[in-house]
Amino acid sequence: MVAPVPTSERSDGFQPPSTPKPAFAPTPAPTGRLAAVQEMARWLRLLFETEREFVRTATTLIYRVGEPELKYLLCQHVWEAASHARFLRERGRELSGFGATDDVRPSLRQLFNEAVMPADATVALAGFYRVIKPALHDAYRHYLTATHHLADWPSRKLVEEFLADEARHAAEIAPYLPVAASACEPTSASASASEWSAHLTTLLASHGGLHSPSPPLSVTPSPLLPLSPASAPPLLSATRLYTHPPTPSRGRFPTCSSVFSHDPAETPIVRAWLIDPTTDARVIRMMVYVWLMMELDAVDYLATVFYDTPHAPFDLHHDLARHLWDESRHSQFGYRQLPRLGVDLLTLEHSLDLYTILVQMTPPERYAMMTMEFEANSFPTKAHVMDRVRELNDFEADTLLAFDRNDEQNHVRSGHRWLPGMMALFGETRSPEEFVAATRARFAELAKTYGGITPHSLPAHQRLTGEKILRLIK
Ligand SMILES: [Fe+2]
Ligand SMILES: [Fe+2]
24 MVAPVPTSER SDGFQPPSTP KPAFAPTPAP TGRLAAVQEM ARWLRLLFET EREFVRTATT
84 LIYRVGEPEL KYLLCQHVWE AASHARFLRE RGRELSGFGA TDDVRPSLRQ LFNEAVMPAD
144 ATVALAGFYR VIKPALHDAY RHYLTATHHL ADWPSRKLVE EFLADEARHA AEIAPYLPVA
204 ASACEPTSAS ASASEWSAHL TTLLASHGGL HSPSPPLSVT PSPLLPLSPA SAPPLLSATR
264 LYTHPPTPSR GRFPTCSSVF SHDPAETPIV RAWLIDPTTD ARVIRMMVYV WLMMELDAVD
324 YLATVFYDTP HAPFDLHHDL ARHLWDESRH SQFGYRQLPR LGVDLLTLEH SLDLYTILVQ
384 MTPPERYAMM TMEFEANSFP TKAHVMDRVR ELNDFEADTL LAFDRNDEQN HVRSGHRWLP
444 GMMALFGETR SPEEFVAATR ARFAELAKTY GGITPHSLPA HQRLTGEKIL RLIK
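Under my numbering, think of the first position of the sequence shown as 24, with each following residue one higher.
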């Protein structure tokens, strides 16, 4: 017997005041003059919903895995999945039978809500990449064999590209997956991952996989139908709610509360030095690379918003996925450049304050702080920093900072566009201005409890500080 799925899909128990969307209404199998078109449109619809659910739920892996390279890769895959979904929807809307809404059928949502559940992020990662992504890859492959090469040429070209992307994703993620359990030497991680993958495989199979929703000679149940209690395995997601961890994982890297302070013996970024005209430009460059790398905190806290907004329009998740990928690229600017300037990344503590505070707030509050406070107010200092770095004639540094600035301008624009929509999802009726002001005050209050709680992992003599940066440039 399958227990009912919890009505709230939010991690902090907050209940949106209204039920935003009607239940998914399955359409009957096509039989008329446009049956051939409708058949392929229904399949594209299933692929669209799968890609958008991947975006909504695979983002929960990002703050749970520790390795920055893996976080970056997940952000890239999420962005590519959002792009696939967008093109599928665009093409699908040209075809009769695709449907006009962005809704996701309950059976698919149940699969993805289950996929996030393992407490061990590596096990969850294996489920996404050993079960769901291969099923998606197979579905794209089968689509190519099932559709007419000339009649459905526009879909075929898209699917060919997505198929290549899926194959590349599989190759890119392979080094991060737990070693498959071998009969000779099974480890507990590989055994759990194998067990979990078998569970998800059964669940996926119980509603017909990701192939054509209504093939003429189907022997599997249509995924448009509710899950059959007889065929679906018991679900973890039916017994407890998924919650975001109170701190993000940074794996083997040292952590702290903040990399900003006024004390050069304490942190690598010394606020006064950033704007002091006598600071050596090489010090400014090093500090801004640390600043950029620490945008990994933005990656982690922005990633929490997708799962918490299951009824958001797809366009909102699409733009958030782009925002997420931008932040991961900004973080990589620092992550890739600092070692070239002599910094041992294992001496650079990662700041966790923003995540630990923001995860206590609602999604629109998190998004408001990010776009209307942190990003909107970063431009004057960054402009000064860019002018100082230009003294060095370092073309790559100038390029990275210019693209960062351009992206950040887009993020603030995006915030103006989407904050009201996100507020509406949570029944917020104040004006955005009032909401932002109140959120700022609430953030300051929460910071008293949830800020400054991460002690330095490393003693002062081992970690990168302002004083160390001075020595490094000598
Ligand atoms: Fe950024
Ligand atoms: Fe940004």
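Cβ coordinates follow ideal geometry from the N, Cα and C atoms, glycine included.
Less than 7 angstroms separating the Cβ of Ala-321 from some heavy atom of ligand 2?
Reading the sequence shown from its first residue, position 298 is the one you call residue 321. Under cutoff, so the answer is yes.
Would you check whether ligand 1 has a heavy atom nearer than 7 angstroms to the C-beta of His-373?
The sequence position of residue 373 within the sequence shown is 350, counting from 1. It does not: the Cβ of His-373 is nowhere closer than 7 angstroms to a heavy atom of ligand 1.
Please look up how many angstroms separate the CB atoms of Val-78 and Phe-329, rounded, as I've assumed it's under 8 angstroms.
Translated into positions along the sequence shown, residue 78 becomes position 55. Translated into positions along the sequence shown, residue 329 becomes position 306. Yes, they are in contact, since the Cβ atoms of Val-78 and Phe-329 sit about 6 angstroms apart, within 8 angstroms.
Pop quiz: Ser-351 and Lys-156 are said to be a contact at Cβ under 8 angstroms. What is the actual Cβ separation, rounded to whole angstroms?
On the sequence shown, position 328 is the one that residue 351 refers to. On the sequence shown, position 133 is the one that residue 156 refers to. The pair is not a contact, with the Cβ atoms about 19 angstroms apart (cut-off 8 angstroms).
Output needed for Leu-118: all residues of its chain with C-beta closer than 6 angstroms, excluding positions within five of it in sequence on either side, in chain order.
On the sequence shown, position 95 is the one that residue 118 refers to. Cβ within range, chain order: Val-60, Ala-64.
Does DSSP put Val-306 in a helix, a strand or coil?
Within the sequence shown, residue 306 is the residue found at index 283, counting from 1. Helix, per DSSP.
If distances are taken between C-alpha atoms only, which option among Val-459, Asp-342, Ser-354, Pro-287 comes closest to Pro-387?
Stepping through the sequence shown from its first residue, residue 387 is reached at position 364. Among Val-459, Asp-342, Ser-354, Pro-287, the Cα nearest to that of Pro-387 belongs to Val-459.
Heavy atom of ligand 2 within 7 angstroms of His-439 beta-carbon:
Here residue 439 refers to the residue found at position 416 when the sequence shown is read from its first residue. Checking the Cβ of His-439 against ligand 2 gives no.
Mind the definition here: the region 72-87 touches the region 99-107 only if three or more C-beta pairs lie below 8 angstroms; say whether that holds.
yes
Within this structure, are the beta carbons of Val-282 and Ile-492 separated by less than 8 angstroms?
By one-based count along the sequence shown, residue 282 stands at place 259. By one-based count along the sequence shown, residue 492 stands at place 469. No, these two residues do not count as a Cβ contact at 8 angstroms.
Three-state secondary structure assigned by DSSP to Ser-281
For the purposes of this step, residue 281 is taken as residue 258 along the sequence shown, with counting starting at 1. It is coil, neither helix nor strand.
Do you know whose CA, among Leu-186, Asp-143, Val-382, lies nearest Leu-159's CA?
As a working note, residue 159 is residue 136 in the sequence shown. Among Leu-186, Asp-143, Val-382, the Cα nearest to that of Leu-159 is on Leu-186.
Report all residues from its chain with a CB closer than 6 angstroms to the CB of Asn-136; omit the five preceding and five following residues, and keep chain order.
Numbered from 1 along the sequence shown, position 113 holds the residue referred to as residue 136. For Asn-136, where only same-chain residues beyond five positions count, the Cβ hits under 6 angstroms are Ser-260.
Fully enclosed by the region 64-144, which alpha helix (DSSP H) runs are 4 residues long or longer?
91-115, 129-138
Closer than 7 angstroms: is that where the CB of His-160 sits relative to any heavy atom of ligand 1?
Along the sequence shown, one-based indexing puts residue 160 at 137. Checking every heavy atom of ligand 1 against the Cβ of His-160, none is found closer than 7 angstroms.
Rounded to whole angstroms, what's the CA-CA distance from Glu-76 to Pro-333? Just pull it up for me.
Looking up residue 76 in the sequence shown gives position 53. Looking up residue 333 in the sequence shown gives position 310. Cα-Cα distance, rounded: 9 angstroms.
Just to confirm, is the Cβ distance from Ser-220 to Ala-149 under 8 angstroms?
For the purposes of this step, residue 220 is taken as the residue at position 197 of the sequence shown. For the purposes of this step, residue 149 is taken as the residue at position 126 of the sequence shown. Yes; because the gap between Cβ atoms is below 8 angstroms, this pair is in contact.
For Ser-229, which option in Ile-85, Pro-257, Gly-475 has the closest C-alpha, if you only look at C-alpha atoms?
The residue you call residue 229 lines up with position 206 of the sequence shown. Ranking the options by Cα distance to Ser-229, first place goes to Pro-257.
Indicate, with yes or no, if ligand 1 has a heavy atom lying under 7 angstroms from the CB of His-353.
The residue you call residue 353 lines up with position 330 of the sequence shown. Checking the Cβ of His-353 against ligand 1 gives yes.
Near Gly-438, what residues of its chain come up, given a Cβ to Cβ distance below 6 angstroms and the 5 sequence neighbours on each side ignored?
Along the sequence shown, read from residue 1 onward, the residue named residue 438 stands at position 415. The answer, listed in chain order, is Thr-394, Met-395.
Sequence-distant residues of the same chain with beta carbon closer than 6 angstroms to Thr-302, five excluded per side:
Locating residue 302 in the sequence shown gives position 279, where the first residue counts as 1. The residues are Trp-296.
Our contact map puts Gly-475 next to Pro-287 with C-beta atoms below 8 angstroms; I'd like the distance itself, whole angstroms only.
Counted from its first residue, the sequence shown places residue 475 at position 452. Counted from its first residue, the sequence shown places residue 287 at position 264. So it is not a contact: roughly 19 angstroms between Cβ atoms.
Which same chain residues end up closer than 6 angstroms to Tyr-86 when comparing Cβ atoms and leaving out the 5 residues on each side of it in sequence?
Walking along the sequence shown from the start, residue 86 turns up at place 63. Closer than 6 angstroms at the Cβ level, and outside the excluded window around Tyr-86, lie Pro-271, Asp-323, Ala-326.
Where does Val-293 fall in DSSP's three states?
As a working mapping, residue 293 is identified with position 270 in the sequence shown. Val-293: strand per DSSP, three-state reduction.
Pick out whichever of Leu-368, Gly-274, Ile-380, Asp-299 has its Cα sitting closest to the Cα of Ala-321.
If you number the sequence shown from 1, residue 321 lands on position 298. When only C-alpha atoms are compared, the closest one is Ile-380.
Buried or exposed, going by whether 16 or more other CB atoms sit within 10 Å of the CB of His-172?
Mapped onto the sequence shown, residue 172 falls at position 149. Result: exposed.
Once you ignore the five residues that flank Pro-455 on each side, which residues in its own chain have a CB closer than 6 angstroms to its CB?
Mapped onto the sequence shown, residue 455 falls at position 432. These residues qualify, in order along the chain: Leu-442, Pro-443.
Identify, in the order they occur along the chain, each residue of the same chain with its Cβ nearer than 7 angstroms to the Cβ of His-285, setting aside the five sequence neighbours on each side.
The residue given as residue 285 occupies position 262 in the sequence shown. If we look at His-285 and ignore the five residues flanking it on each side, its Cβ neighbours are Val-293, Arg-294, Ala-295.
In whole angstroms, give me the CA-to-CA distance for Tyr-152 and His-346.
The residue you call residue 152 lines up with position 129 of the sequence shown. The residue you call residue 346 lines up with position 323 of the sequence shown. Each residue's Cα considered, the two are about 23 angstroms apart.
Straight-line Cα distance separating Arg-56 from Gly-232:
Translated into the one-based positions of the sequence shown, residue 232 becomes position 209. Translated into the one-based positions of the sequence shown, residue 56 becomes position 33. Cα to Cα, the separation comes out at about 27 angstroms.
Buried/exposed call for Leu-227, threshold 16 Cβ in 10 Å
In the sequence shown, the residue the question calls residue 227 occupies position 204. It counts as buried.
Where Ala-214 sits in the DSSP three-state scheme:
The count along the sequence shown starts at 1 and reaches residue 214 at position 191. In the structure shown, Ala-214 sits in a helix (DSSP, three-state: H, G or I).
Based on the DSSP output, what are the partners of His-373 in its beta bridges?
For the purposes of this step, residue 373 is identified with residue 350 of the sequence shown, where counting begins at 1. In the DSSP output, where bridge partners are listed per residue, His-373 has Thr-278.
Tyr-473 - DSSP class collapsed to helix/strand/coil
By 1-based counting over the sequence shown, the position of residue 473 is 450. Of the three classes helix, strand and coil, the one that applies to Tyr-473 here is helix, per DSSP.
Length of the line joining the Cα atoms of Lys-497 and Ala-420
Counting from one through the sequence shown, the residue named residue 497 turns up at place 474. Counting from one through the sequence shown, the residue named residue 420 turns up at place 397. Cα-Cα distance, rounded: 19 angstroms.
Leaving out five residues on either side along the sequence, give the residues of the same chain with a beta carbon under 6 angstroms from the beta carbon of Arg-273.
Here residue 273 corresponds to residue number 250 of the sequence shown, with the count starting at 1. Here the set comprises Gly-89, His-373.
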